[in-house]
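Q: I'd like to ask you about the structure that follows.
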Amino acid sequence: MPTGLVTFTRQYLSVSPKWESLKTQLTRLHITCKGTIEKEGHGMLQVDFANRMVGGGVTGQGLVQEEIRFLINPELIISRLFTEALDCKECLIITGTEQYSNYSGYADSFRWECSHIDDIPRDAWQRRCTEIVAIDALKYRSLMEQFQLEKITRDLNKAYCGFVRPGVNPQNLSAVATGNWGCGAFGGSLYNYLRQYSSEVSMQVSRPSIKLYDFLYERVSRDREQEETKCGPGDCTFTPSPSPGLSDCL
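In terms of the UniProt record's numbering, the sequence shown opens at residue 1 and continues consecutively.
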């Protein structure tokens with residue numbers, strides 16, 4: 001008889017930070033093209049860039065970041081039975097799922113490889129110590145649409161909702177393991193990610209650090225003859241502005 005437990009928590013952001021008045025330095029950001037969220041992100045909060053209807057096309061023909069995660073951790077699929085569409089200030093936090101499969105590829109190249117034995121320890125509630133947060137991204141029709149002030153504010157609030165834990169000191173929370181904003185399929189760029197996502201995590205109102213697993217970053221890393229980039233205290237500053245520019249995050 002199964003003895004484990006999986007919990008599903010729908011979280012709502014009742015009060016948003018005043019982003020326009022914040023100016024703070026990025027603390028710890030690590031970008032790499034090596035590894036995956038589910039493997040190298042052990043012990044971190046793992047991001048599922050979800051559809052508003054969590055699970056996306058997992059029971060249909062979808063096969064990108066969210067669908068793959070739901071397939072290798074199939075206990076996630078049950079969330080589709082009781083989770084209504086996420087609002088702009090809502091997220092879904094799932095704790096305790098097991099990984100049952102290993103895979104290779106992505107989208108058309110996706111392949112099941114073999115069974116996976118999940119040896120991640122359990123907590124006092126008998127949940128696997130795997131915490132996944134589903135936060136949905138907007139689908140952008142053009143590159144510049146993502147830099148509209150209302151879109152930036154929406155995504156900042158969405159990420160903050162997913163990362164913050166009311167009543168818990170941010171420095172006592174784990175780092176965040178993630179990929180590109182919207183997993184890349186929704187048109188979000190790495191620049192958008194740095195602008196909206198990693199910067200707000202680093203301002204110590206939600207999480208102390210972040211690790212970005214970006215397979216697209218390999219194109220950049222080849223040119224720069226490196227496989228990862230680290231940004232430490234004092235290297236980057238976050239300053240929201242009505243007309244976002246590259247200088248806002250670098």
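From the three backbone atoms N, C-alpha and C, an ideal C-beta is built for every residue, glycine too. Quantities reported herein were computed from a predicted structural model and do not represent experimental measurements.
What number of angstroms, rounded off, separates the C-alpha of Met175 from the C-alpha of Ser209?
A: Working through the sequence shown from its first residue, we reach residue 175 at position 175. Working through the sequence shown from its first residue, we reach residue 209 at position 209. Looking at the sequence provided, one finds Ala at residue 175 rather than Met. Distance between the alpha carbons of Ala175 and Ser209 is about 5 angstroms.
Q: Does DSSP classify Lys211 as helix, strand or coil?
A: Here residue 211 refers to the residue found at position 211 when the sequence shown is read from its first residue. It is a strand residue.
Q: Assuming Val6 and Glu75 are in contact, meaning their beta carbons sit under 8 angstroms apart, how far apart are those beta carbons, in whole angstroms?
A: Within the sequence shown, residue 6 is the residue found at index 6, counting from 1. Within the sequence shown, residue 75 is the residue found at index 75, counting from 1. The Cβ separation is near 5 angstroms, so the contact holds.
Q: Can the beta-carbon of Asp155 be found closer than 7 angstroms to that of Arg52?
A: The residue you call residue 155 lines up with position 155 of the sequence shown. The residue you call residue 52 lines up with position 52 of the sequence shown. It is not a contact, given that the beta carbons lie outside the stated cut-off.
Q: Quick one: what does DSSP say Thr32 is sitting in, helix, strand or coil?
A: Locating residue 32 in the sequence shown gives position 32, counting from the first residue. Looking at Thr32 - three-state DSSP - the assignment turns out to be strand.
Q: Can you tell me whether Cys129 is helix, strand or coil according to DSSP?
A: The residue you call residue 129 lines up with position 129 of the sequence shown. Cys129 falls in the coil class under three-state DSSP.
Q: From Val54 to Met44, what does the alpha carbon distance come to, in whole angstroms?
A: Numbered from its first residue, the sequence shown carries residue 54 at position 54. Numbered from its first residue, the sequence shown carries residue 44 at position 44. Cα to Cα, Val54 sits roughly 21 angstroms from Met44.
Q: Could you tell me the boundaries of the beta strand (DSSP E) in which Asn102 lies?
A: Residue mapping note: residue 102 aligns to position 102 of the sequence shown, counting from 1. Its beta strand (DSSP E) spans residues 101-104.
Q: Taking all protein chains shown into account, decide if Trp181 is buried (16 or more other Cβ within 10 angstroms of its Cβ) or exposed.
A: On the sequence shown, position 181 is the one that residue 181 refers to. It is buried - the Cβ of Trp181 has at least 16 other Cβ atoms within 10 Å.
Q: If you reduce the DSSP assignment to three classes, tell me which class Arg141 lands in.
A: Mapped onto the sequence shown, residue 141 falls at position 141. Arg141 falls in the coil class under three-state DSSP.
Q: So for Ser109, helix, strand or coil by DSSP?
A: Mapped onto the sequence shown, residue 109 falls at position 109. Note: Ser109 maps to helix in three-state DSSP.
Q: Nearest to Gly162 by CA position, among Arg69, Leu13, Met144, is which residue?
A: Counted from its first residue, the sequence shown places residue 162 at position 162. Minimum Cα distance to Gly162 is reached at Leu13.
Q: Can you give the beta carbon distance from Thr97 to Ile132, rounded, assuming they're within the 8 angstroms contact cut?
A: As a working mapping, residue 97 is identified with position 97 in the sequence shown. As a working mapping, residue 132 is identified with position 132 in the sequence shown. 7 angstroms between Cβ atoms; contact.
Q: Along the chain, where does the alpha helix (DSSP H) that runs through Ala85 open and close?
A: In the sequence shown, counting from the first residue as 1, residue 85 sits at position 85. Neither: Ala85 is in no alpha helix (DSSP H) and is coded neither H nor E.
Q: What are the start and end residues of the alpha helix (DSSP H) that includes Thr153?
A: Translated into positions along the sequence shown, residue 153 becomes position 153. It spans 149-163 - the alpha helix (DSSP H) in which Thr153 sits, taken as one unbroken run.
Q: Which residues in the same chain have their Cβ closer than 7 angstroms to the Cβ of Gly35, if we skip the five residues on either side of it in sequence?
A: As a working note, residue 35 is residue 35 in the sequence shown. Hits under 7 angstroms: Tyr213.
Q: Which residues does DSSP pair with Leu45 in a beta bridge?
A: Along the sequence shown, read from residue 1 onward, the residue named residue 45 stands at position 45. Its beta-bridge partners are Glu131, Val176.
Q: Taking the C-alpha atoms as reference points, what is the distance between residue 258 and Phe8?
A: No statement about residue 258 is possible, as the shown extent of the chain runs from 1 to 250 and does not include it.
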